[in-house]
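For reference, the structure discussed in these notes is given below.
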Amino acid sequence: GFDDDRSDYKIIIGDHIAYRYEIQHILGRGSFGQVCMCFDHKSKEQVAIKIIRNQIRFHRQARIEMRILHELKSQYIENYAVTMLENFKFRKHWCISFEPLGANLYEILKSNGFRGFSQLFIKKISFQLLSCLKNLKDNRIIHCDLKPENILLRKTQKEGVKVIDFGSSCFLNEKIHVYIQSRFYRAPEILLGINYNEAIDMWSLGCIVAELHLGYPLFHGESENEQLLCIMEVKGLPPEHLLGKAAKRKNYFEGNLVKNMLNSRGKRRVPGSKPLEIIIKNTDEKFFDFLNRCLEWDPELRLDPVAALAHPWLLD
Ligand code: ATP
Ligand code: MG
Ligand code: MG
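Residues are numbered in UniProt numbering as their position in the sequence shown, beginning at 1, plus a constant of 135.
Structure, rendered in structure tokens:
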């Protein structure tokens, strides 16, 4: 199992990392390691340190994460991505120190009783996320794991957010993984096994924006199969030209028929039976149009960050 994995650094509150960072408390745990709040005795400031598991595949991914964060750090523009401060190896663990940020959007939704946020707040967050994605796209970077847990509030500026966790990210010309993104936010081209690009992040963004409105995930499949069923329930069947390119078509379809419309509890999801306008009620036409265009099956037709930033919903 992963839990008592000796590849994880043993965190002891009050201990020092690299004879400099005093561990204060744990901020979060993920698949790649642990993140803790530390007091930096050199700068006399608090920093968040991600301590990565000591295992070959995590080392490899950590090097990519550090390279991408380094690239973003060298920019002198507001890029809405978390700022990396330093990176170093300590007792066989790669460590990355970051500016400390606040709660993540999942925690905020939860503390709000999963009721969703106001349109004004959603617009502010969307603008910042799109600015981040525009900059990533300009630099040919795909985030690959955009989700509410990876969007954190800023400490200083109220209603400001930053994107974290470039631990699954890649450069467009160096894609190595085909199994990426957290399931609820996974783009159809990943589910179907079709060549992908930065547009997968726009799909995730559409899912996140809908969730910020609803309070709960728009598509919440318990498996890859149910994830595609959830999407089809809203959007109908994928267009034939995409299915024709889908390496994983046979996982879901027999010819043009859906193989299995039931999840493990016997719940049946019928393609096209639950259109978006039924789920997203009482909102303006512009918001609805924005979501629909982020959630296009075909990545070529999906809004890109620049077009999304110019969409009437955001200009209001
Ligand atoms: P995942 O399993 O989602 O891939 P991960 O192991 O890659 O996670 P991160 O997502 O980078 O790790 O960080 C894990 C958690 O630690 C975050 O969800 C967040 O709650 C917290 N965290 C990360 N960076 C910071 C930061 N700079 N300031 C405050 N908290 C942070
Ligand atoms: Mg994460
Ligand atoms: Mg990660």
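Idealized CB from N, CA, C, for every residue including glycine. The model shown is predicted, which means the values in this text are computed figures rather than measured ones.
Are C342 and Y320 touching if we call contact CB-CB under 8 angstroms? Counted from its first residue, the sequence shown places residue 342 at position 207. Counted from its first residue, the sequence shown places residue 320 at position 185. Taking 8 angstroms as the cut-off, the Cβ atoms of C342 and Y320 count as close.
Ligand 3: which residues have Cβ under 5 angstroms from any of its heavy atoms, chain order? Sorted by position in the chain, D300 and G302 make up the residues whose C-beta lies under 5 angstroms from a heavy atom of ligand 3.
Give the list of continuous beta strand (DSSP E) stretches no shorter than 3 residues that lie fully inside the stretch 227–314. Here the runs fully enclosed are 228–233, 286–288 and 296–298.
S304 burial status per 10 Å Cβ neighbour count (16 or more: buried): Numbered from its first residue, the sequence shown carries residue 304 at position 169. When all chains shown are included, S304 counts as buried.
Helix, strand or coil: which one does DSSP assign to R164? Residue 164 sits at position 29 when you count from the first residue of the sequence shown. Strand, per DSSP.
Under three-state DSSP, which class holds A216? Taking the sequence shown and counting its residues from 1, one reaches residue 216 at position 81. A216: strand per DSSP, three-state reduction.
Which residues mark the beginning and the end of the alpha helix (DSSP H) in which V441 is found? Taking the sequence shown and counting its residues from 1, one reaches residue 441 at position 306. P440 to L444 is the span of the alpha helix (DSSP H), which, as asked, contains V441.
Is the beta carbon of F306 closer than 8 angstroms to that of I329? Taking the sequence shown and counting its residues from 1, one reaches residue 329 at position 194. Taking the sequence shown and counting its residues from 1, one reaches residue 306 at position 171. No, they are not a contact pair.
Using only the alpha-carbon positions, how far apart do Q362 and F262 sit? Here residue 362 refers to the residue found at position 227 when the sequence shown is read from its first residue. Here residue 262 refers to the residue found at position 127 when the sequence shown is read from its first residue. Each residue's Cα considered, the two are about 27 angstroms apart.
CB-CB under 8 angstroms to G136, same chain, minus the five flanking residues each way: which ones, in chain order? The sequence position of residue 136 within the sequence shown is 1, counting from 1. At G136, the pLDDT of 39 sits below 50, so the modelled position is not reliable; the number obtained from the coordinates is stated separately. Contacts found: none.
Bounding residues of the alpha helix (DSSP H) (the contiguous stretch that carries A153): Start at 1 with the first residue of the sequence shown, and residue 153 comes out as number 18. No residue range can be given for A153, since it is assigned to no alpha helix (DSSP H) and is classified by DSSP as neither H nor E.
Which residues does DSSP pair with R403 in a beta bridge? Counting from one through the sequence shown, the residue named residue 403 turns up at place 268. Residue pairing by DSSP puts R403 in a beta bridge opposite L397.
Looking at the strands, I want to know which residues DSSP matches up with V170. To locate residue 170, count along the sequence shown from 1; it is residue 35. Under DSSP, the beta-bridge partners assigned to V170 are G163 and K185.
Does any C-beta atom of chain B lie closer than 8 angstroms to the C-beta of L347? Checking the listed chains, one finds no chain B in this structure; it contains a single protein chain.
Would you decide whether H278 is buried or exposed? Buried here means 16 or more other CB atoms lie within 10 Å of its CB. Stepping through the sequence shown from its first residue, residue 278 is reached at position 143. Buried is the call here.
Three-state secondary structure assigned by DSSP to I415: The count along the sequence shown starts at 1 and reaches residue 415 at position 280. If DSSP states are grouped into helix, strand and coil, I415 belongs with coil.
Name, in chain order, the residues that DSSP records as bridge partners for E180. To locate residue 180, count along the sequence shown from 1; it is residue 45. The partner list for E180 (beta bridge, DSSP) reads D175.
D138 to D336 span [Cα, whole Å]: Locating residue 138 in the sequence shown gives position 3, where the first residue counts as 1. Locating residue 336 in the sequence shown gives position 201, where the first residue counts as 1. In this prediction, D138 has a pLDDT of 49, which is less than 50 and means its spatial position is unreliable; what the coordinates show is noted afterwards. Each residue's alpha carbon lies about 29 angstroms from the other.
Cβ-heavy atom distance, N239 to ligand 1, below 7 angstroms: Counted from its first residue, the sequence shown places residue 239 at position 104. Indeed, a heavy atom of ligand 1 lies less than 7 angstroms from the Cβ.
Taking the C-alpha atoms as reference points, what is the distance between A216 and G371? Looking up residue 216 in the sequence shown gives position 81. Looking up residue 371 in the sequence shown gives position 236. Approximately 35 angstroms, taken between the alpha carbons.
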